[in-house]
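Take the sequence shown: its letter number 125 is residue 125 in the UniProt record's numbering, and every next letter is one higher. We treat Cβ as the ideally placed atom computed from N, Cα and C, and that holds for glycine. Inspection log for the structure reproduced underneath, given as structure tokens.
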Amino acid sequence: MISKKNLILTIASMGIFVEALDIAIINLTIPSIQSQFNISNDQVQWLQTLYVLLYGGFLIIGGKLSDIIGRKTIFMIGAALFLLTSLGAGLSGSFGILAFYRAVQGLAAALIMPSALSIVTHTFTEKHERSKAIGIFSSFAAIGSGSGLSIGGIISTYWGWHWVFLINVPVLAAVIILSWYYLDTDPARESKKSPDLISGFLLVAALLMLSYGVHELGNFQRHYLLLSGLAAGIIISMKLLFTRLTTLKEPLIDLSIFRSSKVVTANGVFFLLGSFFTGYLFIISLLLQKDMSFSAAKSGLLLVPFSILSAVVAKFALPGIMRRYNIGQTGFIGMTMMLIGAILLISSIFMGHSLWLILLSAAFVSGLGMTISYTSLSVLSIQDIPSQHYGLASSLATTSYFLGAGIGLSILTLFMTTKNADAAVTPLSVAILGLYAFIALSWLVVFIRKQNTVHSRTATAR
Numbered sequence: 001m002i003s004k005k006n007l008i009l010t011i012a013s014m015g016i017f018v019e020a021l022d023i024a025i026i027n028l029t030i031p032s033i034q035s036q037f038n039i040s041n042d043q044v045q046w047l048q049t050l051y052v053l054l055y056g057g058f059l060i061i062g063g064k065l066s067d068i069i070g071r072k073t074i075f076m077i078g079a080a081l082f083l084l085t086s087l088g089a090g091l092s093g094s095f096g097i098l099a100f101y102r103a104v105q106g107l108a109a110a111l112i113m114p115s116a117l118s119i120v121t122h123t124f125t126e127k128h129e130r131s132k133a134i135g136i137f138s139s140f141a142a143i144g145s146g147s148g149l150s151i152g153g154i155i156s157t158y159w160g161w162h163w164v165f166l167i168n169v170p171v172l173a174a175v176i177i178l179s180w181y182y183l184d185t186d187p188a189r190e191s192k193k194s195p196d197l198i199s200g201f202l203l204v205a206a207l208l209m210l211s212y213g214v215h216e217l218g219n220f221q222r223h224y225l226l227l228s229g230l231a232a233g234i235i236i237s238m239k240l241l242f243t244r245l246t247t248l249k250e251p252l253i254d255l256s257i258f259r260s261s262k263v264v265t266a267n268g269v270f271f272l273l274g275s276f277f278t279g280y281l282f283i284i285s286l287l288l289q290k291d292m293s294f295s296a297a298k299s300g301l302l303l304v305p306f307s308i309l310s311a312v313v314a315k316f317a318l319p320g321i322m323r324r325y326n327i328g329q330t331g332f333i334g335m336t337m338m339l340i341g342a343i344l345l346i347s348s349i350f351m352g353h354s355l356w357l358i359l360l361s362a363a364f365v366s367g368l369g370m371t372i373s374y375t376s377l378s379v380l381s382i383q384d385i386p387s388q389h390y391g392l393a394s395s396l397a398t399t400s401y402f403l404g405a406g407i408g409l410s411i412l413t414l415f416m417t418t419k420n421a422d423a424a425v426t427p428l429s430v431a432i433l434g435l436y437a438f439i440a441l442s443w444l445v446v447f448i449r450k451q452n453t454v455h456s457r458t459a460t461a462r
């Protein structure tokens, strides 16, 4: 019989799986959504952009609310809101309504993610037990992200794009019911003060302006006044935010958390991982459907084995890897897989869109790299952090991932906007992905060397 601890881990993991799945699941449904609403590529991309920006932008607030109001309460509110927005999106009759529900869905995900991780970290208190639980929890997020393409392609072809959203409803209903009965009641809080929402909205505003500004850089000559205004708005917002964070007694973000090199490294590499993986999903969707003329279902079926591989790696291989190597080294292994996947994808383009090279690339990225990278960085992001900051630390890490997703994808599309291009995906666009992975690897190498130096000095002192 399953223990209560493992049941709680399952509930939290189900919640994180759904919100991670919804990041990728929409990619192969885009053509059918465009067809129904008669919209352009520039319009339809906002379904992904709004979700990512609202998710990343409100994560800090979600983490703080989890710490102050209670992790069970915020988790259930987030799950209920995600259920309602999934239902609304699936029943949408216009693109505007669909985009609205998609944006609020991102807000709901921002409540689920930090509260779910906080539930796990407070349930598993012993250090080794906690690291193992976080690894399992994070692997569900990685599997959700990795399997989204295949699941979305199959669902949209045989059931219609509406069911990409409606499929969430029964899963989240089960999560809410199980949470009500089995999650521990939130402890009474000594401080009843509300979180610093003003700082939260300043952060969200800055992120939205930054992401939109990067997205519009390609139209600088036409929109230079708008971009100048956005730049000024970002500077003002960040200045006001920094002032509040350094002067308030209870700021939204305790900046002392960044004194840890592990936190800084985890957030920096998470940013690059988000840039890489979101861009990879975007590119491989275009490559299979537009350049190789595969249907959404066939594209999805081709990628199913790598979703299974991701689950197998998370269950059987990853625990052994994390026992043999430290967290930094495990992250390095994962990002190496990502770089290999990018190299294979570039090679496939030069070899006339070689299908076996594309599938091998997907194996390295979705099957191996994403699971290993995401899990190891999640553990690294909260190492040596006081327990009262778990919600904040997890929110910062995931915010970095989605900020990277939004900005990285915007940068990537700047190099894909070619009027006379013969193909939707060019070697240059894939090279940008490779650059993201290379920078992440370089960062991890520096971090690992510094950690080894510290350990050597400590051993010598003894």
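Neighbourhood of residue i by C-beta, 8 Å cutoff - its chain only, sequence neighbours within 5 removed
i, result
"residue 83", "168, 169, 172, 173 and 176"
"residue 353", "287, 291 and 292"
"residue 64", "195, 196, 200, 252, 391, 392 and 395"
"residue 9", "120, 123, 124, 133, 136 and 137"
Sequence-distant residues of the same chain with beta carbon closer than 7 Å to residue i, five excluded per side
i, result
"residue 420", "Per-residue confidence for residue 420 stands at a pLDDT of 47, beneath the threshold of 50, marking its modelled position as unreliable; no derived number is given."
"residue 178", "11"
"residue 116", "12, 15, 16 and 75"
"residue 55", "106, 109, 110 and 402"
Contact set for residue i: own chain, Cβ-Cβ below 6 Å, skip 5 residues either direction
i, result
"residue 78", "108, 111 and 112"
"residue 344", "357, 360 and 361"
"residue 199", "241, 244 and 252"
"residue 234", "206, 209 and 210"
"residue 53", "208, 211 and 406"
"residue 268", "443"
Residue nearest to residue i in terms of C-alpha spacing, selected from the options
i, options, result
"residue 280", "248, 292 and 361", "361"
"residue 428", "452, 372, 404 and 346", "346"
"residue 212", "124, 450, 433 and 408", "408"
"residue 68", "371, 438, 308 and 186", "186"
"residue 326", "251, 370, 447 and 166", "447"
"residue 450", "411, 328 and 430", "328"
"residue 99", "26, 61, 147 and 142", "26"
"residue 154", "309, 355, 144 and 300", "300"
Residue i to residue j span [Cα, whole Å]
i, j, result
"residue 313", "residue 426", "31 Å"
"residue 28", "residue 283", "11 Å"
"residue 399", "residue 216", "22 Å"
"residue 35", "residue 262", "46 Å"
"residue 377", "residue 303", "25 Å"
"residue 385", "residue 157", "45 Å"
"residue 341", "residue 274", "15 Å"
"residue 311", "residue 330", "17 Å"
"residue 159", "residue 7", "31 Å"
"residue 184", "residue 72", "7 Å"
"residue 452", "residue 166", "49 Å"
"residue 248", "residue 372", "38 Å"
"residue 2", "residue 224", "59 Å"
"residue 210", "residue 238", "11 Å"
"residue 18", "residue 380", "23 Å"
"residue 441", "residue 337", "10 Å"
"residue 250", "residue 364", "44 Å"
"residue 94", "residue 383", "45 Å"
"residue 396", "residue 375", "15 Å"
"residue 413", "residue 456", "44 Å"
"residue 404", "residue 129", "30 Å"
"residue 30", "residue 278", "15 Å"
"residue 315", "residue 136", "8 Å"
"residue 339", "residue 180", "43 Å"
Exposed unless 16 or more other CB atoms sit within 10 angstroms - verdict on residue i
i, result
"residue 114", "buried"
"residue 162", "buried"
"residue 195", "buried"
"residue 351", "exposed"
"residue 389", "buried"
"residue 58", "buried"
"residue 105", "buried"
"residue 91", "exposed"
"residue 443", "buried"
"residue 38", "exposed"
"residue 139", "buried"
"residue 101", "buried"
"residue 445", "exposed"
"residue 150", "buried"
"residue 62", "buried"
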